[in-house]
Amino acid sequence: MTAAENTVRPSLLQNKAVRTMLRYTGMIIFALLLFGLILLLSGQDPIQSYKDIFTATFGSAYGFSEVIVAMIPMLITALAVALPSRVGLINVGGEGQLYIGAAFATWAALTFKDLPSWGLIPLMVLLAMIGGALWAFIPGYLKAIGLVNETITSLLLNSVAPKIVGFLIFGYWHSALDTVKTPNFVDAARLPAFFGTRIHLGLIFGLVLLAAFWAVMKYTRWGLEMRSIGGNAQAALRNGLPVKKYLVIVMCIGGAIAGLAGMVQVSGFYGVLLLNFSLSLGFMGFLICWLAGGEPLGILLMSFVVSVIFTGGNLLQLTRGIPFATINVLLAIALFVVLAQPTFSLTREKSK
Amino acid sequence: MTVHQSSSPQPPLLTLRGITKSFPGVLANDHIDLDVYAGEIHALLGENGAGKSTLMKILFGFYKADAGEIHINSQRVAIHTPRDAHAHQIGMVFQDLNLIPAFSVAENIALFLPDLKQIIDPKWIDQRISEVSRQYDLQVDPQALVSHLSIGDQQKAEILKLLLSDARILILDEPTRVLAPHEIDALYRVLDNLRKDGYAIILITHKLLEVMNFADRITVLRGGKVAGSILRTEADQKKLIAMMFDKTIADVKRTVSVTAVDVSQPVLELKELSTAADGAGMELKSVSLKIHPGEIVGVAGVSGNGQKELAEMILGIEPVRSGKKVLFGEDATRFSVGEMRAKGVAFIPESPLQSAVVPWLPVLPNSILTRTGRYARRSGFSLDWAQARKDLAESYHRLGFPLPHFFAQAKSLSGGNLQRMIIAREMTFPPRLILASYLTRGLDVQSAVAARQALLEARQTGAAILFISEDLDELFTLSDRLVVLFEGRIVQEISPAETTSYEIGLLMTGAQVQA
Chain A
128 MTAAENTVRP SLLQNKAVRT MLRYTGMIIF ALLLFGLILL LSGQDPIQSY
178 KDIFTATFGS AYGFSEVIVA MIPMLITALA VALPSRVGLI NVGGEGQLYI
228 GAAFATWAAL TFKDLPSWGL IPLMVLLAMI GGALWAFIPG YLKAIGLVNE
278 TITSLLLNSV APKIVGFLIF GYWHSALDTV KTPNFVDAAR LPAFFGTRIH
328 LGLIFGLVLL AAFWAVMKYT RWGLEMRSIG GNAQAALRNG LPVKKYLVIV
378 MCIGGAIAGL AGMVQVSGFY GVLLLNFSLS LGFMGFLICW LAGGEPLGIL
428 LMSFVVSVIF TGGNLLQLTR GIPFATINVL LAIALFVVLA QPTFSLTREK
478 SK
Chain B
11 MTVHQSSSPQ PPLLTLRGIT KSFPGVLAND HIDLDVYAGE IHALLGENGA
61 GKSTLMKILF GFYKADAGEI HINSQRVAIH TPRDAHAHQI GMVFQDLNLI
111 PAFSVAENIA LFLPDLKQII DPKWIDQRIS EVSRQYDLQV DPQALVSHLS
161 IGDQQKAEIL KLLLSDARIL ILDEPTRVLA PHEIDALYRV LDNLRKDGYA
211 IILITHKLLE VMNFADRITV LRGGKVAGSI LRTEADQKKL IAMMFDKTIA
261 DVKRTVSVTA VDVSQPVLEL KELSTAADGA GMELKSVSLK IHPGEIVGVA
311 GVSGNGQKEL AEMILGIEPV RSGKKVLFGE DATRFSVGEM RAKGVAFIPE
361 SPLQSAVVPW LPVLPNSILT RTGRYARRSG FSLDWAQARK DLAESYHRLG
411 FPLPHFFAQA KSLSGGNLQR MIIAREMTFP PRLILASYLT RGLDVQSAVA
461 ARQALLEARQ TGAAILFISE DLDELFTLSD RLVVLFEGRI VQEISPAETT
511 SYEIGLLMTG AQVQA
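As you go down the protein sequences, you meet chains A and B in turn. Our numbering numbers the first residue of the first sequence as 128 and each following residue consecutively. Our numbering numbers the first residue of the second sequence as 11 and each following residue consecutively.
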């Protein structure tokens with residue numbers, strides 16, 4: 128082995144990226160074909176349906192902007208899953224953390240009505256993140272002390288959080304006119320929107336978080352430590368890394384990110400806290416993260432793809448009377464295909 | 011021991027011709043020819059990376075050879091999967107064994123019975139097992155869970171499994187690496203009986219002594235090529251070493267520690283320390299031990315008698331139930347692993363892939379995991395990889411190890427290369443206390459010498475060393491003091507000059523010795 132061989136980084140990366148892209152494209156096509164079959168069986172014209180989805184989303188500036196709007200919370204909740212997954216934690220609790228985050232933000236919006244926007248928005252962001260973090264602390268801590276698996280606890284807490292939010296709305300916060308939602312937020316509590324569309328500042332939040340996630344994982348000491356804990360917790364422990372601390376903190380940060388998604392949704396999208404407003408955004412984030420294999424660029428792409436399907440599906444529901452549940456079937460098929468990881472023609476190189 | 015059968019007119023049972031296999035950047039096997047006869051133990055000798063494991067993995071169907079032919083009973087056969095190998099009566103005992111821990115011995119064996127019926131009859135299976143285990147003196151409780159067995163018994167179960175699966179060609183990959191001395195003797199008695207019954211046994215090993223004692227024919231591989239194939243009767247150790255290595259090697263000279271033990275404060279002192287057993291682990295019972303600067307304390311014992319727990323307790327992983335741990339005069343009983351590491355404790359664990367590295371991370375990141383803080387720049391926002399590379403390369407150089415591929419994944423390294431990486435990582439900055447478990451396991455002769463030399467040099471500079479090993483020769487050569495662990499207790503503390511390996515062997519197995 129020569130000295131040159133020791134120092135040159137193998138140029139696998141481009142190669143690998145290309146292969147990954149090919150694989151994903153293949154899988155998406157496969158999922159679309161399979162779903163087309165289901166549409167066909169239910170008496171719909173699959174080609175026309177896909178055309179409709181396409182025109183509804185890419186056919187107009189408005190349609191496209193709606194895709195982006197749908198993408199914002201999913202992008203953020205996907206990151207709330209991706210970060211903990213790097214230390215080997217499976218955070219299925221994005222949904223619950225999102226509700227608690229939204230509730231914390233709402234409290235600020237309803238209590239400090241007189242604050243200016245530059246004071247109120249950061250306060251809401253901060254509180255939402257604290258709320259989500261607290262909710263994630265429960266499974267994170269229980270996992271770290273070796274008591275309960277975080278997958279179970281975070282999943283179960285998902286059914287608790289919306290009930291708490293419901294209790295707050297019914298009991299304290301509901302508007303005079305409607306018991307299932309709070310009064311509309313004051314303008315200072317709304318995230319600004321751009322370009323005359325419904326795209327709001329949450330998009331920037333999501334993109335900044337995404338970039339930060341990527342950079343932290345790639346360049347920083349903490350990224351390396353997290354990857355090593357996820358890669359082999361036993362070795363990380365013996366190497367002197369504070370594994371338990373990481374598990375709790377990373378889970379809390381994941382929760383904080385999901386909480387932020389909740390704030391973004393109530394402040395940027397609805398402008399009001401609604402009962403059951405989420406429509407499983409947290410679960411969508413989980414799905415996106417797994418579809419993307421936890422990779423930052425993949426998360427961006429997949430959250431976009433899922434939003435296209437989502438928005439298009441809404442339209443199909445209106446125009447063709449296809450129940451929205453069929454869209455979930457498509458997403459489920461996509462997830463199944465990805466997780467099954469068909470190796471297609473790619474022969475797996477055995478390492479020595 | 012046995013009559014050699016090469017003079018018999020029978021053709022070889024197994025013939026390999028021109029086996030060639032390359033991996034990116036490495037020609038692992040270069041036109042290898044090998045003949046293995048029925049009724050012989052054929053030792054495959056060679057240093058790490060000589061191509062032994064690759065060759066056997068080709069024979070067992072894990073790898074596909076780029077070129078070459080395999081003949082069994084003079085018939086050309088194609089082996090593409092382990093299943094094919096199985097069908098051609100080839101069985102392999104892997105270094106890390108291949109049993110399902112949650113299953114009983116009988117269940118593990120049943121899985122491989124070629125004539126297993128649709129409805130499983132436990133009695134019939136037990137009967138089959140007990141027949142064979144009696145015949146070859148492989149006594150294992152068929153109902154015992156594999157996870158509860160000692161490594162030696164697991165190996166017996168593995169061999170039983172192969173015998174019952176009708177294998178006639180047995181490949182054993184460093185079978186004695188994990189065994190205690192008395193278990194090694196038992197294993198060779200088994201192999202001897204198998205040989206008499208006409209089994210062909212291929213033995214991959216580093217240990218010259220075993221080869222000289224038990225093999226009939228020895229094939230030496232060097233750099234992927236056959237360096238020679240000779241009968242045991244024609245071989246001697248010098249000749250084999252000359253075949254294995256281009257250059258001759260200097261052996262470790264026994265040196266005496268520099269520091270007078272009495273005057274200095276011990277680096278580490280354990281005071282009546284006990285831990286709680288965790289699952290199948292062993293609990294430490296009232297262990298007291300002092301290690302002074304410039305001293306190597308050897309820990310002898312059959313594996314599973316608390317060695318792992320002792321090292322991990324000192325490192326701070328195993329919680330202390332009672333007693334006190336003092337490091338540099340400071341109470342360290344409740345120190346975290348990070349704090350212990352920061353005080354200069356180096357740790358070389360017994361299973362590096364499981365407990366020292368992140369398998370899919372490359373060598374370089376793996377080698378800074380123990381001190382990310384040192385290479386953190388801009389308060390952690392970036393890492394100084396250039397410095398890390400420089401330090402690691404220096405450490406390799408100092409140790410006399412060949413440089414690894416810094417961007418190869420840890421899991422792609424051979425056992426020896428991985429162990430070298432761990433040693434180089436832990437010795438990058440002079441440690442003050444070294445906890446070394448099975449330091450030379452998996453290393454070829456040359457690297458083993460270098461690793462031992464590194465320990466001696468660390469001792470010269472005043473490091474305190476806890477040296478856990480099962481290799482009595484190694485323990486006697488290196489240790490200033492020996493302690494024997496048996497069932498979680500230190501049963502004896504003695505100077506190597508005042509005892510014999512026989513006495514230590516007895517203590518290791520729990521026999522009482524009059525002091």
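All C-beta atoms, glycine included, are put in the ideal place defined by N, C-alpha and C.
Annotation: Pro289 (chain A) has no Cβ neighbours in chain B at a cutoff of 7 angstroms; minimum Cβ distance is about 37 angstroms. With a threshold of 7 angstroms between beta carbons, Ser355 (chain A) makes contact with chain B.
Using beta-carbon distances, Phe391 (chain B) counts as an interface residue toward chain A, with a partner under 7 angstroms.
Considering only B:Asp131, B:Leu413, B:Asp207 and B:Ala116, the residue with the shortest C-alpha distance to Ile139 (chain B) is B:Ala116.
The shortest CA-to-CA distance from Leu24 (chain B) to any of B:Arg178, B:Gln145 and B:Leu55 is the one to B:Arg178.
Rounded to whole angstroms, the Cβ separation of Glu436 (chain B) and Phe357 (chain B) is 7 angstroms, and the two are in contact under 8 angstroms. Apart from the 5 residues on each side of it in sequence, Val236 (chain B) sits with its Cβ closer than 7 angstroms to the Cβ of Ile42, Asp43 and Thr229 in its chain, given in chain order.
Restricted to the segment 402-485 of chain B, the alpha helix (DSSP H) segments that are unbroken, complete and at least 4 residues in length are 425-436 and 455-470, listed in chain order. Among the residues facing chain A, Leu24 (chain B) is not included, as its CB has no counterpart in that chain under 7 angstroms away. In chain order, Pro303 and Gly304 place their CB closer than 6 angstroms to the CB of Gly472 (chain B), counting only its own chain and leaving out the 5 sequence neighbours on each side. Scanning chain A for C-beta atoms nearer than 8 angstroms to the C-beta of Leu325 (chain B) yields Arg365, reported in chain order. Within chain B, Gln364 and Ser365 have C-beta atoms less than 8 angstroms from the C-beta of Gln361 (chain A), given in sequence order.
Close to chain B, meaning a Cβ-Cβ distance shorter than 7 angstroms, is no residue of the segment 194-225 of chain A at all.
By the C-beta density criterion, Gly298 (chain A) is exposed, having fewer than 16 other C-beta atoms within 10 angstroms. Put simply, of B:Arg144, B:Pro152 and B:Leu107 the residue whose alpha carbon is nearest the alpha carbon of Ala120 (chain B) is B:Pro152.
Assignment of Ile426 (chain A) by DSSP, reduced to helix, strand and coil, places it in the helix class. Between Phe477 (chain B) and chain A, the shortest Cβ-Cβ separation is not below 7 angstroms. Under the Cβ distance rule, Leu379 (chain B) counts among the residues neighbouring chain A, one pair being separated by less than 7 angstroms. With a threshold of 7 angstroms between beta carbons, Val330 (chain B) makes no contact with chain A. Each of A:Ser407, A:Ser176, A:Thr438 and A:Cys379 was checked against the Cα of Val214 (chain A), and the nearest Cα belongs to A:Cys379. Taking the C-beta atoms as reference points, Leu218 (chain B) is found nearer than 7 angstroms to Gln247 (chain B).
Checking the DSSP bridge columns, you'll see Leu351 (chain A) has no partner listed. Within a 10 Å sphere around the beta-carbon of Asp305 (chain A) sit fewer than 16 other beta-carbons, which makes this residue exposed. Looking at the backbone, the Cα of Leu462 (chain A) and that of Gly421 (chain A) are separated by about 13 angstroms. Taking Ile82 (chain B) as reference, the option from B:Asp226, B:Asp40 and B:His98 with the minimal CA-CA separation is B:His98.
Along the segment 338-350 of chain B, going in chain order, the ones with a CB nearer than 9 angstroms to a CB of chain A are Ser346, Val347, Gly348, Glu349 and Met350. Not flagged as an interface residue toward chain B: Glu422 (chain A), since no C-beta distance is shorter than 7 angstroms. In the three-state reduction of the DSSP assignment, Arg381 (chain B) falls in the helix class. Runs of the alpha helix (DSSP H) lying entirely within the segment 199-226 of chain B and spanning at least 4 residues, in chain order: 218-224. Listed as beta-bridge partners of Lys133 (chain B) by DSSP are no residues whatsoever.
Gly452 (chain B) is not a Cβ neighbour of Gln419 (chain B), given a cutoff of 7 angstroms.
By the C-beta criterion, the segment 451-471 of chain B is judged not to be in contact with the segment 491-498 of chain B, since fewer than 3 inter-stretch pairs fall below 8 angstroms. Look at the segment 342-378 of chain B and you find these whole runs of beta strand (DSSP E), each 3 residues long or longer: 355-358. A check of alpha carbon separations from Gln224 (chain A) across A:Leu283, A:Trp349 and A:Ile415 identifies A:Leu283 as the nearest. A contact between stretches requires three or more CB pairs, one per stretch, nearer than 8 angstroms, and the segment 362-372 of chain B meets this requirement with the segment 347-367 of chain A.
Comparing C-alpha distances from His96 (chain B) to each of B:Ser143, B:Leu180, B:Gln105 and B:Ile29 shows the shortest one belongs to B:Leu180.
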